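Working notes, structure below.
There are 2 protein chains.
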Amino acid sequence: MKKNAEKKVNAVNAEEAGMTRYQDLSVEELESLRKELKQSYREYQNMDLNLDMSRGKPSLDQLDLSNGMMDALNSEADMYSSDGFDVRNYGVLGGIAEAKELLSDMMENNPDNIIIFGNSSLNVMYDSISRSYTHGVMGNTPWCKLDKIKWLCPVPGYDRHFAITEYFGIEMINVPMTEKGPDMDIVEKLVSSDESIKGIWCVPKYSNPQGYSYSDETVRRFARLKPAAKDFRIYWDNAYGMHHLYDHDQDYLIEILAECKRAGNPDLVYKFASTSKISFPGSGIASMATSLNNLEDIKKQMQYQTIGHDKVNQLRHVRFFEDIHGMVKHMMKHANIIRPKFEMIETVFEKNLEGLDIGSWTKPKGGYFISFETLPGCAKSVVDKCKKAGVKLTPAGATFPYHKDPEDSNIRIAPTYPPLEDLRIATELFCLVVKLVSVEKLLKEKTEGLSFCTV
Amino acid sequence: MKKNAEKKVNAVNAEEAGMTRYQDLSVEELESLRKELKQSYREYQNMDLNLDMSRGKPSLDQLDLSNGMMDALNSEADMYSSDGFDVRNYGVLGGIAEAKELLSDMMENNPDNIIIFGNSSLNVMYDSISRSYTHGVMGNTPWCKLDKIKWLCPVPGYDRHFAITEYFGIEMINVPMTEKGPDMDIVEKLVSSDESIKGIWCVPKYSNPQGYSYSDETVRRFARLKPAAKDFRIYWDNAYGMHHLYDHDQDYLIEILAECKRAGNPDLVYKFASTSKISFPGSGIASMATSLNNLEDIKKQMQYQTIGHDKVNQLRHVRFFEDIHGMVKHMMKHANIIRPKFEMIETVFEKNLEGLDIGSWTKPKGGYFISFETLPGCAKSVVDKCKKAGVKLTPAGATFPYHKDPEDSNIRIAPTYPPLEDLRIATELFCLVVKLVSVEKLLKEKTEGLSFCTV
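Keeping their order, the protein sequence lines are chains L and B. Per this note's numbering, the first sequence starts with residue 18, numbered consecutively. Per this note's numbering, the second sequence starts with residue 18, numbered consecutively.
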C-alpha cells in the first residue's frame, strides 16, 4: 500500500514562510489585525453570498455525467438478467447476477459474498443495526434484551453513522483517528475486554472527513481483532472505494474480507458500498459484502422485509457502466471535475494560512472531504461566522458522537457541490474567518491571561 | 358503497343443477368415480405440466403495458421536480411533490398526509413494525420492552403479513373474515379489552385471498374502535385500490383516514399502497398515508435510516402516468388482460363443480386472487396432488397465521401469471383433483364411519 505521507499539513515554520505566527504578535498588532479582518468580513457580508459547503453532494456537472444512464434501458430493451430473470417482475432477493458481478468488482469481493440492496447503503447499515437490535446476530441475544450496548467511533467521523447508533441508544466511545486509521492500540484493548462493545464505524478509504486511508498494518490488526463479544462486527463503510482524485496517485487498501478470512475471522466484517456518488445519489444501488455465514443470517431476515429490491435499476446500472473498467473511466470524469476544487482549496489555504499557526488541514487523494483543525475552541465560532456571511458549513461538532467535539476544533469542508468560482470565494471567506476568530481567541488569552477553550 | 351480493357461490341445489351431490353417492358409486378420476389424473401427470398459480404476479403481457415507462425519462429529460429539486441528487425525505400528488390521488388522501418510500410497501410495513418494536409508537414503550405483543389477523389473509408479525414474535389471533370484512364484533371486543393487542392486518379492498371489500359498516366500525392500547394501529394495506376487473362494476370503500378523522381517531391508521402491480413489481414506488402526528413520528425515525428514496423513479412514474386519469386508463389495460382469466376460472369451476357440494369459491370484482374452500381436511391434499401433476399452488395453510388452517380447507388461487390457455388446463386439473380428493374423503368417512378431518 502506498503511504499518504503528506496528508496532514501543519503550518510550516513561520520564519521559512516569511510570515509571523499569530501567537507571536503583540496585543497591539493583534488589535490592529482584528480591525482590518473585521472590515474585510463586513465586505463579504455585503456580498449576500448563499453558498453550501456543508454536505458531500455531487455537483450538477457530476450528475450530468450519468444522464446517459436514462437511455440505458428503453421500451425496446431486453429486460432479462443474464441469469434469466425478467427484471420487471417480483423476486431475486439478493440481486441479479450481472449487478452482483459489477459491484463485486467494485468492492473487490466474490459475487457470492454480495447482496444488492436498494438505493442507499446508509439504509443497509441502519437495517443491519436494527436487525441486530431486534433479532440478534447469528443466534446471539438481540441487543434490545441487553442492558448496555457500546460502539467504537473513530473521530472525527461521519455524522450519519453516529446518528444511527445514538438513535438506538448505543453508547458511543471516541477513538482517535490517525493518518493510518483508528488508534488500533485503543481499539484492540477495548474490543477484547468489553463484551458490550458490538461494533465500530469505519470509513477505511479516503475517510470522512479527513480523507485518510487505513494502512496495511491497520487493516491487518482489524482482521485479527479478538472481540469479547461474539456478535461484534466491523461496519466497514467503503463509501469512497472508487473515488480517487488522481489517476495514478491512489490509495490501495488490503481487502478486509479476504484478510479476515486469512486471519481465521471470516465473520468479523460487514462491508458496505453504493453507487450513490458514482451514478445518482438516492437513485443508485447499494451493496453489502460479507461472509456466507453472515449472508445467510441476513437473508433469513430480509425475506420478511421485502420480496426484492429494484432489479430494473440494477440492470440499468450494468447496461450503462458495462463493466468495472467502464466504471473506472466514469470515475475519472468525476475526478476531473472534483480535483480542481480540492486543489484550489489547498492553494487558497496555503496562500492565506500557511505559517500563521492557526490551523491545519488534510490533503486527501480521494473522497469527498477535507478536514480542517482550528485552534482549540474556535470551530463553532468559525462555522457560525461563515454562516452569517452566507456560507454554510457542516455544523461544528457534527463529526463527533453526540455532536461534541471536545476540542471544538474540527471542521469538515465539503468542496464538491458549489461551482469552482463560488467555492473560491467561500474558501477565501473561510480563511478570513479563521484568521478573525483566531485573533480574537489570542487577544482574549493575552488580555485575560487564560485560554478560553478551557473555560 | 355497492355490495358484493354474489361473491361467495355455494354449490347450488343439486337437483336444480341436475347433478348429484357427492355425499349422496353410495360407496359403490364413489368407488367407481374414484377409479375414473384417478385415470384422468394419471393422464394429466403424463402431460408433464409445469404451471405456477402460486403467487400474485403480473403476467408478461401485463408487464409489457409499462414498458413505455422506460422512455419516460431519457438523457435529455428535465430532471427537476415541480417543487424545484434536482431528482438526481440527495434529499427530499418524503418524496417529490408530483409523486405525492399522484399517489395521494391513488390513495384518496391529501398529499400532506403522504410519504413516498422505496420499491415495496411490504418493506414499509416491516419497517413500521420494526420501528414500533425498537422505539415505540409516538412515545409509547417500545414493543421490545413489553412481555407480550398480540396482533389480530383476519383469516384467510396474506401470508407475507403474517410472516412479519411471526418474525417479531408477536402472538397472532385469528379473526374470521366475512363477505363484509373481518368479524367486527370480535375485533371490537378484543381491541378494547386487551392492551397487548397492538395492531391488525387489513386488506380492505379486494382482499387477499378472497377478494372481499369491507362494507361501509365495517369501515365505520374500524374508525370508531376504542383500543385499550394507545399505540394500537390498523395496518390498512390498500394493495388493490385500483385493481378492478370491470370498468363499471367496482367496489368503493369509505376512505379510512377521513373516517377516522371524523370519528375523532385521526391517528388510528397506517395506510399502505404501492404501484407494484400497476407499473413493475419491485421497481414501483410505495407510499404510506397517515395523520400528521403519525407522519411526524415516522419521519423522526426515517431521517436516521435514509437520506431519501429513489426520486428519479418517482419522477419517472409521474412522467409516464401523467396523472390519476392516466393511471386509471392504464389499470383498465391490466383489467382487460386479467379479467378473462378470472372469468374462465369461474366458468370452469361452475361447469365442473357446481352442484357437487364439494367446494365453494369467491367471485371477486378485483384484486389478484380467488379463494377456494374445499371440504374440511382436503386443502393440503389438493395442493399436493396438483403439485404432483405439475401445477404449483400457494401451499395450503399459507393464508393462516403459523401456516395453520384449522379446517385445512382454504386454497388461494392466483390466476394472473400463467397465460390463459395454460391456466385453463391448470384449472381443469384443479377441479379434477378437488373431485378426487373429495371422493376419497367421503369414501373414507363412509367406510370407516368417521370424518378424517377430525382425526
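For each residue, glycine too, the CB sits at the ideal point set by N, CA and C. All values reported here derive from a predicted model rather than from experimental measurement.
- Here the C-alpha atom of Ser57 of chain L lies approximately 27 Å from the C-alpha atom of Lys380 of chain L.
- Within the DSSP bridge table, the entry for Tyr263 of chain B names no partner.
- At least one CB atom of chain L sits nearer than 8 Å to the CB of Pro75 of chain B.
- Here the alpha carbon of Phe297 of chain B sits roughly 48 Å from the alpha carbon of Glu363 of chain L.
- Listed by position along chain B, the residues whose Cβ is nearer than 7 Å to that of Ser137 of chain L are Thr323 and Ile324.
- Its chain contains Leu242, Lys243, Pro244 and Ala245 as the residues whose beta carbon lies nearer than 8 Å to that of Ser209 of chain L, once the 5 sequence neighbours on both sides are disregarded; these appear in chain order.
- Look at the stretch 395-450 of chain B and you find these whole runs of beta strand (DSSP E), each 3 residues long or longer: 408-410 and 427-430.
- Under the three-state reduction of DSSP, Tyr321 of chain L is assigned to helix.
- Legend: CB atoms of the stretch 215-230 of chain B lying less than 8 Å from CB atoms of chain L are not found in any residue.
- Close CB contacts of Glu339 of chain L within its chain, under the 7 Å cut and outside five residues either way in sequence, are absent.
- Membership of Asp176 of chain B in the alpha helix (DSSP H) is indicated by the continuous run Asp176 to Tyr184.
- Looking at L:Arg38, L:Leu47, L:Met36 and L:Trp218, the one whose alpha-carbon comes closest to that of Lys461 of chain L is L:Leu47.
- Closer than 8 Å to the CB of Ala413 of chain L there is not a single CB belonging to chain B.
- Sixteen is the threshold: since fewer than 16 other Cβ atoms of the shown chains lie within 10 Å of the Cβ of Thr464 of chain B, the residue is exposed.
- For Ala94 of chain L, the chain B residues whose Cβ falls inside 7 Å of its Cβ are Met87, in order along the chain.
- When rounded, the separation of the alpha-carbon atoms in Ile271 of chain L and Arg105 of chain L is 38 Å.
- If you draw a straight line from the Cα of Ala116 of chain L to the Cα of Phe185 of chain L, it is about 32 Å long.
- Taking Arg333 of chain L as reference, the option from L:Lys316, L:Met86 and L:Pro75 with the minimal CA-CA separation is L:Met86.
- Closest option to Glu313 of chain B, judged by alpha-carbon separation, among B:Arg250, B:Asp284 and B:Val172: B:Asp284.
- If you keep only unbroken beta strand (DSSP E) runs of at least 3 residues inside the stretch 243-298 of chain L, you get 250-254 and 286-291.
- Thr464 of chain L carries a helical assignment under DSSP once its states are collapsed to helix, strand and coil.
- Residues of chain L with a Cβ closer than 9 Å to the Cβ of Ile181 of chain B are, in chain order, Tyr321 and Gln322.
- Shown in chain order are the members of the stretch 306-321 of chain B whose Cβ falls below 7 Å from a Cβ of chain L: Tyr321.
- At a cut-off of 8 Å between beta carbons, Thr235 of chain B makes no contact with chain L.
- Contacts with chain L at 8 Å (Cβ-Cβ) include Phe297 of chain B.
- By the Cβ rule, the stretch 393-405 of chain L counts as touching the stretch 436-455 of chain L, because three or more pairs are nearer than 8 Å.
- Proximity of Asn330 of chain L to chain B, defined by a Cβ-Cβ separation below 8 Å, is satisfied.
- Where Asp233 of chain B is concerned, the enclosing alpha helix (DSSP H) starts and stops at Asp233 to Ala240.
- Cβ-Cβ separation between Ser137 of chain B and Ala396 of chain B: approximately 29 Å, too far for a contact (criterion under 8 Å).
- Within the DSSP secondary-structure output, Glu390 of chain L pairs in a beta bridge with L:Ser377 and L:Asn427.
- For Thr151 of chain L, the nearest CB of chain B lies under 8 Å from its own CB, placing it at the interface with that chain.
- Judged by their CB atoms, Gly216 of chain L and Tyr252 of chain L are nearer to each other than the 8 Å cut-off.
- When rounded, the separation of the alpha-carbon atoms in Ile187 of chain B and Ala431 of chain B is 28 Å.
- Looking at the DSSP output, Ala303 of chain L shares a beta bridge with L:Ser291.
- Only residues of its own chain outside the window of five on either side were considered, and among them Arg441, Thr444, Glu445 and Cys448 have a CB closer than 7 Å to the CB of Val365 of chain B, listed in chain order.
- The Cβ atoms of Val192 of chain L and Leu169 of chain L sit closer than 8 Å to each other.
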